[in-house]
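All remarks here apply to the structure that follows.
In our numbering, the protein residues as written are -7 to 235.
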C-alpha cells in the first residue's frame, strides 16, 4: 500500500500552492501508466506536456524549449527548458518518472483500477478495514493513517506522481508571465530544465534514453548542468531510522 501525507494544517499563504499540487497529483494518478506499457506511459507524457505548458496556452513560448525524447521502444521522455533572460548557462534539472508498478495488490478493495481513483479508494478502504477483524501490520498502519484524514492513498501517490506534480507546478510558477510580462524565472541567474521520464520501475529505459539528448541539448543551448533535483520520495527503512 502506497500513500502520502497531505496534511490539514496549512497556512493560508500556502493553500494555493498546496491545492495546485494536489490537483495535479490527482490528474496524473488518474492515468494508468504501469511500466512497461508504451501506450499508457506515452499518454501520461502527453498530459505532463499539456500541464507544464499551460501558462502558454496562447501559443507564445518565449525562452521555452519543449520536446519529446523517444526511447527505442517508443516510450517518450518529456523535456522542457525554461530559460532566464539573464543569459546564464547554469541550469538545474528537475527530474522525475511517471511510470508506476502494478496494482494487483489493490484487488482486496474490488476492481484494481480503483488504485487510480484516490477518493473512491479511500471509501472502499474504510469498508474493507471496518469489515475485517484481523488486520495485518501494514493494514493496521494504513487504517490508522486513513482515519486521520491527512493521508492520500493510491498508486503513484508517492512513487512518484506527487513529485512530478511538484515539478510541473514549479515550472508553471517560474514560467507564467504577469500582466506586465514579468516572469519569476527572469530573477534567476540560471535556467530550469524539467525532465519527466517513463520506465523507472523496470529497467530505467526512460532516463537512460534521455542522456544522449541531454548532452545534445547542452551543446545546442550552451548549458552548464550544475545540479539535479529528483523529487522521488525517500523514507526510513523502519520507524527507528530517522535523519
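Every residue gets a Cβ at the ideal spot worked out from N, C-alpha and C, and that includes glycine.
From this set, the options, which residue's C-alpha is nearest residue i's C-alpha?
| i | options | result |
| --- | --- | --- |
| residue 64 | 195, 170, 114 and 229 | 195 |
| residue 71 | 103, 204, 227 and 146 | 204 |
| residue 88 | 229, 6 and 221 | 221 |
| residue 141 | 114, 164 and 41 | 114 |
| residue 209 | 117, 186 and 193 | 186 |
| residue 35 | 211, 189, 202 and 225 | 189 |
| residue 149 | 202, 111, 57 and 217 | 111 |
| residue 82 | 225, 17 and 181 | 181 |
| residue 216 | 6, 197 and 79 | 79 |
From what residue to what residue does the alpha helix (DSSP H) around residue i run?
| i | result |
| --- | --- |
| residue 88 | Element bounds for residue 88: not the alpha helix (DSSP H) but the beta strand (DSSP E), 82 to 89. |
| residue 121 | 110 to 123 |
| residue 237 | In the structure displayed, the chain extends from -7 to 235; residue 237 sits before or after that span and is not available. |
| residue 155 | 153 to 167 |
| residue 30 | 30 to 44 |
My guess is that residue i and residue j are in contact by the Cβ rule of under 8 angstroms, so how many angstroms apart are they, rounded?
| i | j | result |
| --- | --- | --- |
| residue 95 | residue 147 | 5 angstroms |
| residue 106 | residue 184 | Rounded, the Cβ-Cβ distance is 35 angstroms, inconsistent with contact. |
| residue 91 | residue 192 | 6 angstroms |
| residue 13 | residue 161 | 5 angstroms |
| residue 219 | residue 69 | Actually they are not in contact, since the Cβ atoms of residue 219 and residue 69 sit about 19 angstroms apart, beyond 8 angstroms. |
Quick one: give me the first and last residue of the beta strand (DSSP E) that residue i is part of.
| i | result |
| --- | --- |
| residue 58 | 56 to 62 |
Around the C-beta of residue i, are 16 or more other C-beta atoms found within 10 angstroms, so that it is buried, or is it exposed?
| i | result |
| --- | --- |
| residue 124 | exposed |
| residue 101 | buried |
| residue 229 | exposed |
| residue 33 | buried |
| residue 154 | buried |
| residue 207 | exposed |
Per DSSP, residue i forms a beta bridge with which residues?
| i | result |
| --- | --- |
| residue 216 | 82 |
| residue 183 | 83 |
| residue 70 | 60 and 188 |
| residue 222 | 87 |
| residue 23 | Its beta-bridge partners do not exist; DSSP assigns none. |
| residue 92 | 26 |
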